[in-house]
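Undergrad: Here's a structure for you.
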Amino acid sequence: MAQLWKIRLPDGRTLVPGDWTTANPLFSTVEVPPGTWNILAAFSYGPGGIVPGSPTQRKAQFTDTNLQGEGGKLPENEELVIYNVQIEAFTRYNGEDVPADTYPDADEPDVSLLNMLRLQRDILVSVRISAVKNYTQQPLSYFGAGTGVNRYCSPSRTVVSAGTEGSVLGNNGMTDVGAERTLASPLYVGPGDVFGVDFTPGPGSVEDLALTGDSRIELRTILNGYRRRPVA
Amino acid sequence: MAIKEIQLPTGEKIVIDEWLHWATYSTMEFSSAVRLDLRCFTYLVGQTVAHQGAVAARTATTTDTNQIIKGQTNFDEALLIYAITYEPWALTDAEAGSPAIVLAAAPAPFSTDIRKLQRHTLMEFNVGAKIRKPQISSPMSFVGQSVGSPAFSPGDAAAFAANTTLSYGTAGQPTGLNQRLQKLPIYVESSRTMFLKLSSPTALDLETDFRIRWYLDGLRRRPVA
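Chains as they are written, first to last, in my numbering: chain Z, 9 to 240; chain A, 71 to 295.
Here is the structure:
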């Protein structure tokens with residue numbers, strides 16, 4: 009396999025890789041509530057920070073984010089060239105009653121088809137580098153997950169229905185590696201650059217989202233591409 | 071105002087450009103039995119979503135469109151369109167029988183309706199004022215759906231008692247690869263009239279009213295300042 013010696017960026021600059029990897033994508037999670045909400049910013053917190061949208065001010069675990077530092081910017085000793093923005097969705101009931109919907113609800117952490125379609129329809133995703141400039145901005149469905157479970161004649165009945173009903177599940181695009189969208193013009197985040205991925209609801213909420221109270225849909229954003237990490 | 075050129079004291083000119091992968095999108099809504107002749111990319115956020123038939127007029131939000139100026143590209147922008155794709159939603163449930171059972175619950179579109187749209191509508195993308203020849207023209211079946219959700223429904227027969235059967239479909243698998251890349255991309259210069267039109271020769275015969283969000287996917291020139 010050819011080794012990566014240099015990277016030429018779209019603006020003509022050349023980088024000599026240090027500890028560059030494609031095996032350690034940066035990721036961050038937000039939680040979408042029912043009802044109206046304003047904005048949720050992924051990559052706005054670091055380890056131990058509060059997950060945006062959490063009803064209990066939940067502290068981030070290592071599966072919520074791997075962004076080091078206080079959040080909101082890339083550490084000074086890292087760099088990022090983003091080729092894919094992948095967004096996966098999970099349901100978190102937080103002990104709340106499962107609300108009625110046209111189709112019976114899914115077990116955690118699956119997302120029902122109807123809720124997935126509502127999220128894809130009503131959420132705008134903005135990739136921001138530097139404090140105020142968006143580098144791409146599309147509805148949620150544009151940034152397919154490229155992750156998930158491909159189910160064959162399943163699922164069957166659900167735990168949440170005590171085994172009395174089935175469900176119909178969705179996913180943010182297909183589940184395969186390769187199902188994600190590759191940017192024709194990759195995005196560069198320099199050391200110390202302020203950046204984030206912002207989620208906003210076009211109509212002010214995800215309309216008809218079948219969640220109640222403290223239930224949430226978690227959206228985990230994965231920025232896939234080349235990442236320079238500290239050498240030690 | 072966008073910076074496009076810098077003239078150095080030596081007389082040398084530097085052209086500044088920033089091209090980003092940034093699709094332009096716009097939404098249309100229409101009712102189930104209309105003879106379709108509807109354009110989108112014709113309104114902005116805060117204006118009325120393009121609609122035809124008995125669907126209620128609705129004010130556009132940021133998830134309906136990201137047009138900067140209606141009906142055309144902005145003076146400081148340009149588009150290089152490599153592909154067109156779309157995602158549909160039903161505005162009403164698809165039902166059959168008496169008492170009615172739900173064939174596909176909104177917003178999931180009824181798969182037979184998608185097939186009818188593929189068969190009975192023509193998609194055209196036009197550039198230029200009063201230019202009758204479209205830049206892109208094909209039956210809707212020729213357009214892949216690269217955005218959306220797959221569905222996984224129960225394999226347990228007893229679960230059907232709760233009516234989780236549904237006829238939902240997508241125009242191909244919703245992956246980033248499922249869009250037809252133009253070998254000759256369409257270039258839309260600044261301040262050019264453009265619109266996408268969906269039309270049918272006769273009245274549609276769908277089970278539900280529809281919302282479709284159309285994407286012009288490719289590169290977009292943005293002002294650098």
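Think of the CB as a built atom: it goes at the ideal place given N, C-alpha and C, for glycine as much as any other residue.
1) Looking only at its own chain, which residues have a Cβ that is under 6 Å from the Cβ of A218(Z), when we skip the five neighbours before and after it?
2) In or out: A10(Z) buried (at least 16 other Cβ within 10 Å) or exposed?
3) Pick helix, strand or coil for N123(Z), following the three-state DSSP scheme.
4) Given that L88(Z) touches chain A, what residues does it touch there, using C-beta distances under 8 Å?
5) Since I believe E99(A) is in contact with R291(A) (beta carbons under 8 Å), could you give me their beta-carbon distance rounded to a whole number of angstroms?
6) Which same chain residues, not among the five before or five after G20(Z), have their C-beta less than 7 Å away from its C-beta?
7) Does D275(A) come out as helix, strand or coil in the three-state DSSP assignment?
8) Any Cβ of chain Z within less than 9 Å of the Cβ of L108(A)?
9) When the Cβ atoms of the stretch 205-224 of chain A are set against those of the stretch 174-188 of chain A, are three or more pairs found closer than 8 Å?
10) Using 8 Å for Cβ pairs, my map puts D296(A) next to S102(A). What's the rounded Cβ distance?
11) I need the straight-line Cα distance from G141(A) to L106(A), nearest angstrom please.
12) Would you mind working out which of G81(A), I201(A), G242(A) and S261(A) sits nearest S216(A), comparing C-alpha positions?
13) How many angstroms separate the CA atom of E82(A) from the CA atom of I76(A)?
14) Show which residues of chain Z have a CB atom less than 9 Å away from the CB atom of N144(A).
15) Going along chain A, which residues have a C-beta under 8 Å from Y234(Z)?
16) Nearest by alpha-carbon distance to S260(A): which of Q117(A), T182(A), T135(A) and F145(A) is it?
17) Tell me which same chain residues have a C-beta within less than 8 Å of the C-beta of Y238(A), skipping the five on either side of it?
18) Just verifying my parser: in three-state terms, what is the DSSP assignment at I171(A)?
19) Would you be able to state if there are at least three C-beta pairs under 8 Å between the stretch 35-46 of chain Z and the stretch 201-215 of chain Z?
20) Run through chain Z and tell me which residues come within less than 7 Å of V172(A), C-beta to C-beta.
21) Near P18(Z), what residues of its chain come up, given a Cβ to Cβ distance below 8 Å and the 5 sequence neighbours on each side ignored?
22) With 9 Å as the C-beta to C-beta threshold (strictly closer), list the residues of the stretch 195-209 of chain Z near chain A in chain order.
23) In angstroms, rounded to a whole number, what distance separates the CA positions of T240(A) and W159(A)?
24) Tell me which residues share the same chain as F98(Z) and place their Cβ nearer than 6 Å to its Cβ, disregarding the 5 neighbours each side in the sequence.
25) Along chain A, in chain order, which residues have C-beta atoms closer than 9 Å to that of N46(Z)?
26) Please confirm whether T144(Z) and L191(Z) have their CB atoms less than 9 Å apart.
27) Taking only runs of the beta strand (DSSP E) that begin and end inside the stretch 39-115 of chain Z, which ones reach a length of at least 3 residues, in chain order?
28) For a contact defined as C-beta to C-beta under 8 Å, what are the partners of Q243(A) on chain C?
29) Mind listing which residues of the stretch 122-136 of chain Z have their C-beta closer than 8 Å to chain A's C-betas, in chain order?
30) Which stretch, first to last residue, makes up the alpha helix (DSSP H) that contains Q188(A)?
31) Any idea what DSSP makes of L148(Z), helix, strand or coil?
32) Can you tell me the Cβ-Cβ gap for Q128(Z) and G218(A), rounded? I've got them flagged as a contact below 8 Å.
33) If we call anything under 9 Å between Cβ atoms a contact, is L149(A) one with S269(A)?
34) On a CA-only basis, which of S168(A), M264(A) and L251(A) is nearest E94(A)? Give me that one, please.
35) Quick check on the burial criterion: 16 or more other C-beta atoms within 10 angstroms. Buried or exposed for K267(A)?
36) Spell out whether any CB of chain Z is found under 9 Å from the CB atom of P224(A).
TA: If we stick to the structure as given:
1) Cβ contact annotation for A218(Z) (same chain, cutoff 6 Å, sequence separation greater than five): P107, D109 and N123, in chain order.
2) With a pLDDT of 46 at A10(Z), under the threshold of 50, the modelled position of that residue is not reliable, and the figure given next carries that caveat. Exposed, because fewer than 16 other Cβ atoms sit within 10 Å of the Cβ of A10(Z).
3) Reduced to three states, the DSSP call for N123(Z) is helix.
4) Within 8 Å Cβ-Cβ: nothing; L88(Z) doesn't reach chain A, min ~16 Å.
5) That pair is no contact at about 30 Å.
6) Nothing meets the Cβ criterion.
7) Three-state DSSP puts D275(A) in coil, outside helix and strand.
8) Taking Cβ atoms only, chain Z never reaches closer than 9 Å to L108(A), which makes this a no.
9) Segments in contact, yes.
10) Outside the displayed range of chain A (71 to 295) lies residue 296(A), so it cannot be described from this structure.
11) Rounded to the nearest whole angstrom, the CA to CA distance from G141(A) to L106(A) is 19 Å.
12) It is G242(A).
13) In this structure, the CA atom of E82(A) is about 8 Å from the CA atom of I76(A).
14) Within chain Z, no residue comes near N144(A); the closest Cβ sits about 15 Å away, beyond 9 Å.
15) Within 8 Å Cβ-Cβ: nothing; Y234(Z) doesn't reach chain A, min ~16 Å.
16) Checking every option, the nearest Cα to that of S260(A) belongs to F145(A).
17) Excluding residues within five positions, the ones whose Cβ falls inside 8 Å are A174, A178, P179, F180, S181 and A221.
18) Under the three-state reduction of DSSP output, I171(A) falls in the strand class.
19) Output reads yes: the stretch 35-46 of chain Z touches the stretch 201-215 of chain Z.
20) Neighbours of V172(A) on chain Z, chain order: T110.
21) Annotation for P18(Z): S193, P194 and Y196 place their beta carbon closer than 8 Å to its own, counting only its chain and skipping 5 residues before and after.
22) Hits within the stretch, in order: L195, T208 and P209.
23) Whole-angstrom Cα-Cα distance: 10 Å.
24) Cβ within range, chain order: P117 and E226.
25) Chain A residues near N46(Z): none, gap ~12 Å exceeds 9 Å.
26) In contact: T144(Z) and L191(Z) (Cβ atoms closer than 9 Å).
27) Correct list: 48-50 and 87-100.
28) The structure shown contains no chain C; its protein chains are Z and A.
29) Listed by position along the chain: L122, M124, L125, R126, Q128, R129, D130, I131 and L132.
30) In the DSSP annotation of this structure, the continuous segment of the alpha helix (DSSP H) that includes Q188(A) starts and ends at S181 to H190.
31) Under the three-state reduction of DSSP output, L148(Z) falls in the helix class.
32) Yes, Q128(Z) and G218(A) are in contact; Cβ-Cβ is about 7 Å, under 8 Å.
33) For L149(A) and S269(A), no; Cβs fall outside 9 Å.
34) According to the sequence displayed, residue 94(A) carries Thr and not Glu. Selected option, being the one with the closest Cα: M264(A).
35) By the 16-neighbour rule on beta-carbons within 10 angstroms, K267(A) is buried.
36) So, interface residue.
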